[in-house]
Amino acid sequence: MRSVAGLLAIVAAATVYLYLLSTHLPPGPKPSGPGPDGEPGEAQEFSLTFPSDLESLRELAETLKFYKRENYGYVLLLFCSAYLYKQSFAIPGSSFLNMLAGAIFGPWVGLVLACLLSTTGSTFCFLLSSAFGKRHVIQFFPDKVALLQKKVEENRSSLFFFLLFLRFFPMTPNWFLNITCPVLNIPMSVFFLSVLIGLIPYNFICVRTGAILSQISSLDDIFTWGTVAQLLAIALVALLPGAMIKRYGQTHLKMDDADSNGTSQDRKRR
1 MRSVAGLLAI VAAATVYLYL LSTHLPPGPK PSGPGPDGEP GEAQEFSLTF
51 PSDLESLREL AETLKFYKRE NYGYVLLLFC SAYLYKQSFA IPGSSFLNML
101 AGAIFGPWVG LVLACLLSTT GSTFCFLLSS AFGKRHVIQF FPDKVALLQK
151 KVEENRSSLF FFLLFLRFFP MTPNWFLNIT CPVLNIPMSV FFLSVLIGLI
201 PYNFICVRTG AILSQISSLD DIFTWGTVAQ LLAIALVALL PGAMIKRYGQ
251 THLKMDDADS NGTSQDRKRR
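Under UniProt numbering, the first residue of the sequence shown is numbered 1, with each subsequent residue one higher.
Structural data, given as structure tokens:
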């Protein structure tokens, strides 16, 4: 009971912090021209919510890009806080935040942010599970934990590459790996590096997609040579590391019965 109460207290404190951060915004930039009455335009006020689809993502991206003209530090703090909140408490939806990073901060700054935040947030989730949730993870997911435990022991000599393999391929959701690794006695250093490296292709895809979507105003823009070249580059970055890890896995990792209880049929919910 103590562990549940402690976890709920942390979730409640983080929720209040994020709520206050997103509702008590500093004034936005003033319009460049005069208002309808000829007086200088007043600063706009914004209401922010997590994006749930591509349309709301585009609207939020446009709002935050406009807002960060005079409040870059605040937008950065808000984005980092929201991302860490989702990752730390194993809430699916980081793909939207990755795309939002590309749309707001550009492809390269967005990629660096996505990689650092996904790794940091996953590590927070690892620590929370280690401190509060080990017993509950085993209680709620006994079969999946048992299967992963078996696979970890079989691949203990190649543990880092085994974890990379799981990050590249949808055998089990990322959030589930984050909460299960402490139960499997995965060293935090190995966990940290596997997340940092293993999620680079996925983060790159999402961030570049967000950057492209923010520049597209019609369907015709998708078929320009520049956009097509960027999409091809995204595909190559996604395929090459995965192919290398898969080839390594076929010769060094024991994954033959990974489908035995349906874990491999889970879709990744980032």
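Ideal Cβ positions, reconstructed from N, Cα and C, are used throughout, including at glycine.
> When you compare only the Cα positions, how much space is there between L18 and Q149?
Replying inline: For the purposes of this step, residue 18 is taken as the residue at position 18 of the sequence shown. For the purposes of this step, residue 149 is taken as the residue at position 149 of the sequence shown. If you draw a straight line from the Cα of L18 to the Cα of Q149, it comes to about 35 Å.
>> Counting beta carbon pairs with one atom in the segment 149-169 and one in the segment 63-78, are three or more of them shorter than 8 Å?
In response: Output reads no: the segment 149-169 does not touch the segment 63-78.
> Once you ignore the five residues that flank V207 on each side, which residues in its own chain have a CB closer than 8 Å to its CB?
Replying inline: Taking the first residue of the sequence shown as position 1, residue 207 is located at position 207. Hits under 8 Å: N98, M99, A101, G102, P107, G110, L111, A114.
>> Pop quiz: N155 and A90 are said to be a contact at Cβ under 8 Å. What is the actual Cβ separation, rounded to whole angstroms?
In response: Taking the sequence shown and counting its residues from 1, one reaches residue 155 at position 155. Taking the sequence shown and counting its residues from 1, one reaches residue 90 at position 90. Contact doesn't hold; Cβ gap of about 24 Å is too wide.
> What residue range is occupied by the uninterrupted alpha helix (DSSP H) comprising N174?
Replying inline: Locating residue 174 in the sequence shown gives position 174, counting from the first residue. Start and end: 174-180.
> Hey, S214 and A61 are a contact pair by Cβ (cut 8 Å); roughly how many whole angstroms apart?
Replying inline: Position 214 of the sequence shown holds residue 214. Position 61 of the sequence shown holds residue 61. Going by Cβ atoms, the distance from S214 to A61 rounds to 6 Å, so yes, they are a contact pair.
>> So, for L120: in the same chain, excluding its five sequence neighbours on each side, which residues have a beta-carbon less than 8 Å away from its beta-carbon?
In response: For this step, residue 120 is matched to residue 120 along the sequence shown. In the sequence under discussion, the amino acid at residue 120 is Thr, which differs from the Leu named in the question. These residues qualify, in order along the chain: L84, Q87.
>> Quick check: what's the CA-CA separation for V190 versus F160?
In response: Indexing the sequence shown from 1 puts residue 190 at position 190. Indexing the sequence shown from 1 puts residue 160 at position 160. If you draw a straight line from the Cα of V190 to the Cα of F160, it is about 6 Å long.
> Counting along the chain, where does the alpha helix (DSSP H) carrying I104 start and finish?
Replying inline: Counting from 1 along the sequence shown, the entry for residue 104 is found at position 104. 94-105 is the extent of the alpha helix (DSSP H) around I104.
>> According to DSSP, simplified to helix, strand and coil, what is K68?
In response: Along the sequence shown, one-based indexing puts residue 68 at 68. In the structure shown, K68 sits in coil (DSSP, three-state: anything other than H, G, I, E or B).
>> Between which residues of its own chain and T15 is the CB-CB distance below 7 Å, once the five residues before and five after are set aside?
In response: On the sequence shown, position 15 is the one that residue 15 refers to. When the five nearest sequence neighbours on each side are left out, no beta carbon in the same chain lies closer than 7 Å to the beta carbon of T15.
>> On the criterion of 16 or more Cβ atoms from any shown chain inside 10 Å, does L20 qualify as buried, or is it exposed?
In response: The residue given as residue 20 occupies position 20 in the sequence shown. When all chains shown are included, L20 counts as exposed.
> The alpha helix (DSSP H) with D143 in it runs from where to where?
Replying inline: Residue numbering aside, residue 143 sits at position 143 when the sequence shown is read from its first letter. Per DSSP, D143 belongs to the alpha helix (DSSP H) from 142-154.
>> So, for N203: in the same chain, excluding its five sequence neighbours on each side, which residues have a beta-carbon less than 8 Å away from its beta-carbon?
In response: The sequence position of residue 203 within the sequence shown is 203, counting from 1. Cβ neighbours of N203 beyond the five flanking positions: N98, L111, A114, C115, S118.
> Whole-angstrom Cβ separation of V134 and P182, contact assumed at under 8 Å?
Replying inline: Translated into the one-based positions of the sequence shown, residue 134 becomes position 134. Translated into the one-based positions of the sequence shown, residue 182 becomes position 182. A quick correction: the sequence has Lys, not Val, at residue 134. Right, the Cβ-Cβ distance comes to about 6 Å (below 8 Å), so this counts as a contact.
> For A82, is the classification buried or exposed, using 16 other Cβ atoms within 10 angstroms of its Cβ as the cut-off for buried?
Replying inline: On the sequence shown, position 82 is the one that residue 82 refers to. With 16 or more other Cβ atoms within 10 Å, it is buried.
>> Buried or exposed for L128, going by 16 or more other Cβ atoms inside 10 Å?
In response: In the sequence shown, counting from the first residue as 1, residue 128 sits at position 128. Residue environment analysis places L128 among the buried positions, since at least 16 neighbouring C-beta atoms fall within 10 angstroms of its C-beta.
> Just curious, the alpha helix (DSSP H) that N185 is in, first and last residue?
Replying inline: Counting from one through the sequence shown, the residue named residue 185 turns up at place 185. Premise fails: N185 is in no alpha helix (DSSP H) and is neither H nor E.
>> Just verifying my parser: in three-state terms, what is the DSSP assignment at I91?
In response: For the purposes of this step, residue 91 is taken as the residue at position 91 of the sequence shown. When secondary structure is reduced to three states using DSSP, I91 falls in the coil class, being assigned neither helix nor strand.
>> Measuring straight from C-alpha to C-alpha, what distance separates T172 and K68?
In response: The residue labelled residue 172 in the question sits at position 172 within the sequence shown. The residue labelled residue 68 in the question sits at position 68 within the sequence shown. In a straight line, the C-alpha of T172 is about 37 Å away from that of K68.
>> Quick check on the DSSP output: the alpha helix (DSSP H) that includes F161 runs from which residue to which?
In response: Taking the sequence shown and counting its residues from 1, one reaches residue 161 at position 161. Note, F161: alpha helix (DSSP H), 159-168.
> Which residue from L196, A131, V195 puts its Cα closest to that of L5?
Replying inline: By one-based count along the sequence shown, residue 5 stands at place 5. Reading the sequence as shown, one finds Ala at residue 5 and not Leu. Closest by alpha carbon: A131.
>> Suppose the cutoff is 6 Å on Cβ atoms and the five residues either side in sequence are ignored; what does the same chain contact list for A12 look like?
In response: On the sequence shown, position 12 is the one that residue 12 refers to. The answer is none, since no qualifying residue turns up.
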